[in-house]
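Right, one structure below, let's go through it.
Residue numbers (this note's numbering), protein chains in the order written: chain A, 15 to 208; chain B, 6 to 210; chain C, -13 to 187.
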């Protein structure tokens, strides 16, 4: 049990990092990683939504889709839940946590189309259909893994701005190449096993 | 820019080359990087996305006067998710091998930003025929890009093209190219090179 | 802008959205009903082909019930038994078992078919499904790797350096995948032993 939990945490965070190994959530990873501050904001917003989404979709899948034999509606139901959650979180934050909203607000609409969120919910029902705790845990730590990657990337990009990169490689191309080098570093974790 | 008259050809070429979703607009990066480990996968993913794009563009355009403005995004998502699920079912039924190698990235076509972006930016403002053509152009642009990337990665990383052994028995291929880092690096170099060619051309004029 | 929410407007919007969703769900139910039998048929054919390739000379396969004993063996070895079959030749003699296991390598969900003959020796293995890394773990599908298991008996081990009578050589860079596949083979071996000792019908 404990071993299983530690192994879920480690694999979600490092060995199967969502961005660097599994390629989920590349759009925000490349789009919102110009500054460490905004990257952290995005990461937090994603973690929040992903935790909620993992919990909700697991419940819906277990108690609604499977008993009524509607598993083929999974994709459509999950994406609607995510879109709904994002809307709800946005409204809730606007009213009760205006300071947090002004910090994270602009990222929230982007999360609906972040494939990391839909990805984690689909992975959860595939891998942990029977365990709510594992699903939630995997959701939270996969999101933290995403945050880790995007914040590290932002740190690199802040420094890249001052480098003399060839004109046509400025911006996107050099970001991708740096990400590739980061991914090589993340491969180093892949030997880990418990 | 002056308002150009939109013809079928101009819309098609626009999607295929001028505003190529992958190399110019840099949309839909997740599948671009994740499934381009072999040419078969790249082509399969590209064509699946194209089919969804054409259907969803057409339907969104037909329904553009009925869908209320406030809930349009939700409506688009439902439409897109429906087509994606249909494609997923068909792939499972008729091409099970491709379906299993694309795996989770088939349902994830739902959140491919290209499709939602085209529904919002083009299909909701144009007639169904033009929208379908736009979907076809953008889809083929995406497919073409995936094919280029996956061919390069497969050639360098596995020593094969379309599964046909080219040099792998003599020289060990650089496996890293079909793993995660290779995806980032190949795409980075390609976009950089395209930028370089484009800027050269502009300089010449 | 009016402050009051126009109930009529909300109703109308809700109704349209509901209609779209309802049509979508109906359409999906229809397509699903059409494709599901095909999907199942494909899976069966794939399974059948895999079993034929690992168990030469088999004419028919009878599916066995997964008993709690089988489940216990699999759980102890850290995997699952998906299906168990008895292979029979043309004259209806039992020639071995085909066990389909699900184990974890680098990623979850390696589905392996292992053929075991009545001497409790592996006759061959095939991999039906896996999510391992292309270029590394996915090489477990290669003939060279799979052929290593043929003739193994008892418990198979994994060696990083070289293969011998009891060990197979791991795919370089993919020890976890090699362990996962081997795990499945070992489960199949113990389950088959249990079945043979219990006198299968």
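Don't be surprised by glycine CBs; every beta carbon is placed ideally from N, CA and C.
Q) For a contact meaning CB atoms closer than 7 Å, what does residue 149 of chain A contact in chain B? A) Translated into positions along the first chain, residue 149 of chain A becomes position 135. Result: empty, since nearest Cβ-Cβ is about 15 Å, beyond 7 Å.
Q. Just how far apart, CA to CA, sit residue 3 of chain C and residue 94 of chain A?
A. Here residue 3 of chain C is taken as the residue at index 17 of the third chain, counted from 1. Here residue 94 of chain A is taken as the residue at index 80 of the first chain, counted from 1. When rounded, the distance between both Cα atoms is 12 Å.
Q.
Less than 8 Å between the C-beta atoms of residue 155 of chain B and residue 114 of chain B, yes or no?
A. Taking the first residue of the second chain as position 1, residue 155 of chain B is located at position 150. Taking the first residue of the second chain as position 1, residue 114 of chain B is located at position 109. Cβ distance not < 8 Å, so residue 155 of chain B and residue 114 of chain B don't count as in contact.
Q) Roughly how many angstroms separate the alpha carbons of residue 88 of chain C and residue 170 of chain C, rounded to a whole number? A) The residue labelled residue 88 of chain C in the question sits at position 102 within the third chain. The residue labelled residue 170 of chain C in the question sits at position 184 within the third chain. Those two C-alpha atoms are separated by around 7 Å.
Q: Could you tell me whether the Cβ of residue 76 of chain B comes closer than 8 Å to any Cβ of chain A?
A: In the second chain, residue 76 of chain B corresponds to position 71, counting from 1. False, the Cβ-Cβ gap to chain A never drops below 8 Å.
Q. By how many angstroms is the C-alpha of residue 196 of chain B removed from the C-alpha of residue 128 of chain B?
A. Position 123 of the second chain, counted from the first residue, corresponds to residue 128 of chain B. Position 191 of the second chain, counted from the first residue, corresponds to residue 196 of chain B. Each residue's alpha carbon lies about 27 Å from the other.
Q.
Can you tell me whether residue 49 of chain C is helix, strand or coil according to DSSP?
A. For the purposes of this step, residue 49 of chain C is identified with residue 63 of the third chain, where counting begins at 1. In this structure, residue 49 of chain C counts as strand in the three-state DSSP scheme.
Q. Taking a cut of 7 Å between CB atoms, which residues from the region 103 to 131 of chain B lie near chain C?
A. 105, 108
(Q) If I measure Cβ to Cβ from residue 155 of chain A and keep anything under 8 Å in the same chain, skipping five residues before and after, which residues do I get? (A) Here residue 155 of chain A corresponds to residue number 141 of the first chain, with the count starting at 1. Result list for residue 155 of chain A: 22, 23, 26, 27, in chain order.
Q: Decide if the region 119 to 139 of chain B is in contact with the region 30 to 45 of chain C; the criterion is three or more beta carbon pairs, one per stretch, under 8 Å apart.
A: no
Q. Which residue from A:89, A:203, A:56 puts its Cα closest to that of residue 72 of chain A?
A. Here residue 72 of chain A corresponds to residue number 58 of the first chain, with the count starting at 1. That would be A:89, whose Cα lies nearest to the Cα of residue 72 of chain A.
Q: Report buried or exposed for residue 30 of chain C, applying the criterion of at least 16 other Cβ atoms within 10 angstroms of its Cβ.
A: Mapped onto the third chain, residue 30 of chain C falls at position 44. So residue 30 of chain C ends up on the exposed side.
(Q) Residues in the same chain with beta-carbon distance under 8 Å from residue 2 of chain B, minus the five sequence neighbours each way, listed in chain order, please. (A) With chain B covering only 6 through 210, there is no way to say anything about residue 2 of chain B.
Q) Nearest to residue 60 of chain B by CA position, among B:77, B:88, B:73, is which residue? A) Taking the second chain and counting its residues from 1, one reaches residue 60 of chain B at position 55. Checked all of B:77, B:88, B:73; the closest Cα to residue 60 of chain B is B:88.
Q: Compare the C-beta of residue 87 of chain A against all C-beta atoms of chain C and say whether one is closer than 8 Å.
A: Residue mapping note: residue 87 of chain A aligns to position 73 of the first chain, counting from 1. By this cut-off, residue 87 of chain A is an interface position.
Q. Where residue 100 of chain A and residue 14 of chain C are concerned, what is the direct C-alpha to C-alpha distance, given to the nearest angstrom?
A. Residue mapping note: residue 100 of chain A aligns to position 86 of the first chain, counting from 1. Residue mapping note: residue 14 of chain C aligns to position 28 of the third chain, counting from 1. Each residue's Cα considered, the two are about 25 Å apart.
Q.
Let me check understanding here. Comparing Cα to Cα, which of C:64, C:125, C:143 lies closest to residue 159 of chain C?
A. For the purposes of this step, residue 159 of chain C is taken as residue 173 along the third chain, with counting starting at 1. Answer by Cα proximity: C:125.
Q) Is the Cβ of residue 115 of chain A closer than 8 Å to any Cβ of chain B? A) To locate residue 115 of chain A, count along the first chain from 1; it is residue 101. Output row for residue 115 of chain A: interface = no.
(Q) Assuming residue 93 of chain B is part of the alpha helix (DSSP H), what are its boundary residues? (A) Within the second chain, numbered from 1, the residue matching residue 93 of chain B stands at position 88. It spans 77 to 99 - the alpha helix (DSSP H) in which residue 93 of chain B sits, taken as one unbroken run.
Q) Grouping DSSP H, G and I as helix and E and B as strand, with all else coil, what is residue 60 of chain A? A) Position 46 of the first chain, counted from the start, is the residue given in the question as residue 60 of chain A. Of the three classes helix, strand and coil, the one that applies to residue 60 of chain A here is helix, per DSSP.
(Q) Rounding to the nearest angstrom, what Cα-Cα distance links residue 163 of chain B and residue 77 of chain B in this structure? (A) Indexing the second chain from 1 puts residue 163 of chain B at position 158. Indexing the second chain from 1 puts residue 77 of chain B at position 72. Taking the straight line joining both Cα atoms gives about 44 Å.
Q: Given a cut-off of 8 Å, decide if residue 27 of chain C and residue 101 of chain B are closer than it, judged by their beta-carbon atoms.
A: Reading the second chain from its first residue, position 96 is the one you call residue 101 of chain B. Reading the third chain from its first residue, position 41 is the one you call residue 27 of chain C. No; because the gap between Cβ atoms is not below 8 Å, this pair is not in contact.
Q) Which stretch, first to last residue, makes up the alpha helix (DSSP H) that contains residue 62 of chain B? A) Position 57 of the second chain, counting from 1, holds the residue named residue 62 of chain B. It spans 44 to 67 - the alpha helix (DSSP H) in which residue 62 of chain B sits, taken as one unbroken run.
Q: For residue 200 of chain B, return the contacting residues in chain A, with the cut-off set at a CB-CB distance below 9 Å.
A: By one-based count along the second chain, residue 200 of chain B stands at place 195. Neighbours of residue 200 of chain B on chain A, chain order: 181, 182, 183, 184, 185, 186, 187.
Q) So residue 203 of chain C is in the alpha helix (DSSP H); what residue range does that whole segment cover? A) With chain C covering only -13 through 187, there is no way to say anything about residue 203 of chain C.
Q. Quick one: does residue 32 of chain C have its CB under 8 Å from some CB of chain B?
A. On the third chain, position 46 is the one that residue 32 of chain C refers to. Judged by the 8 Å Cβ criterion, residue 32 of chain C is in contact with chain B.
Q) Tell me which same chain residues have a C-beta within less than 7 Å of the C-beta of residue 57 of chain A, skipping the five on either side of it? A) Residue 57 of chain A sits at position 43 when you count from the first residue of the first chain. Excluding sequence neighbours, residue 57 of chain A sits near 160, 161, 164, 165.
Q | Whether residue 81 of chain C touches residue 104 of chain C by CB criterion (8 Å) | A | Here residue 81 of chain C corresponds to residue number 95 of the third chain, with the count starting at 1. Here residue 104 of chain C corresponds to residue number 118 of the third chain, with the count starting at 1. In this structure, residue 104 of chain C lies closer than 8 Å to residue 81 of chain C by Cβ.
(Q) Measuring straight from C-alpha to C-alpha, what distance separates residue 91 of chain A and residue 82 of chain A? (A) Sequence index remark: in the first chain, residue 91 of chain A carries index 77 (1-based). Sequence index remark: in the first chain, residue 82 of chain A carries index 68 (1-based). Computed Cα separation, rounded: 14 Å.
Q. Measuring CB to CB, does residue 70 of chain C end up less than 8 Å from residue 52 of chain C?
A. For this step, residue 70 of chain C is matched to residue 84 along the third chain. For this step, residue 52 of chain C is matched to residue 66 along the third chain. Yes.
Q) When we look at the beta-carbon of residue 99 of chain B and count the other beta-carbons within 10 Å, is it buried (16 or more) or exposed? A) In the second chain, residue 99 of chain B corresponds to position 94, counting from 1. Burial call: exposed.
Q: Pair every Cβ in the region 166 to 179 of chain B with every Cβ in the region 71 to 85 of chain B, then say whether three or more of these pairs are closer than 8 Å.
A: no
Q) Which bits of chain B does residue 44 of chain A rub up against, with CB to CB less than 8 Å? A) Taking the first chain and counting its residues from 1, the one referred to as residue 44 of chain A is at position 30. Those are 31, 34, listed as they occur along chain B.
Q: Report the option in B:32, B:193, B:158 whose CA atom is closest to the CA atom of residue 41 of chain B.
A: Looking up residue 41 of chain B in the second chain gives position 36. The option with the nearest alpha carbon to residue 41 of chain B is B:158.
Q | Partners in chain B for residue 128 of chain A, counting only beta-carbon separations shorter than 8 Å | A | Here residue 128 of chain A corresponds to residue number 114 of the first chain, with the count starting at 1. Those are 116, listed as they occur along chain B.
Q: Just the C-alpha distance for residue 138 of chain A and residue 68 of chain A, rounded to the nearest angstrom, thanks.
A: Residue mapping note: residue 138 of chain A aligns to position 124 of the first chain, counting from 1. Residue mapping note: residue 68 of chain A aligns to position 54 of the first chain, counting from 1. Going by the C-alpha atoms only, they are around 7 Å apart.
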